[in-house]
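Here is the structure we will look at, set down as C-alpha cells.
Numbering (the numbering used here), first residue to last: 719 to 788.
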C-alpha cells in the first residue's frame, strides 16, 4: 500500500510520515521495525525511503536527522 502510488508515478524515493496523538515524538519499537521493513521493500522496488517523519500536534521528528534510519 505504501508503494502503490509511488510505483504508479514511477517515483524513485518516498518520505513516510505518521502521527503520534500522544505528543511523544520518540519512535516506538514498532515504528523502527516498520521503517526498516519499508526500507528493505523499497530497495527491492528501486524506491528509496528518504525519511520517516513522526508528527505531534505542534512538532515533528525526523528519523533521518536523529540517525534512526539505519
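Virtual Cβ for every residue (Gly too), placed ideally from N, Cα, C.
What are the boundary residues of the alpha helix (DSSP H) that includes residue 751? 747 to 763
Which one of 775, 743, 778 and 758 has the shortest CA to CA distance from residue 731? 758
When DSSP labels each residue in this structure, what does residue 735 get in the three-state scheme? strand
Same chain only: Cβ atoms within 7 Å of residue 789, ignoring 5 sequence neighbours per side: This structure cannot speak to residue 789, because the chain is shown only from 719 to 788.
Opposing strand residues paired with residue 773 [DSSP bridges]: 737 and 778
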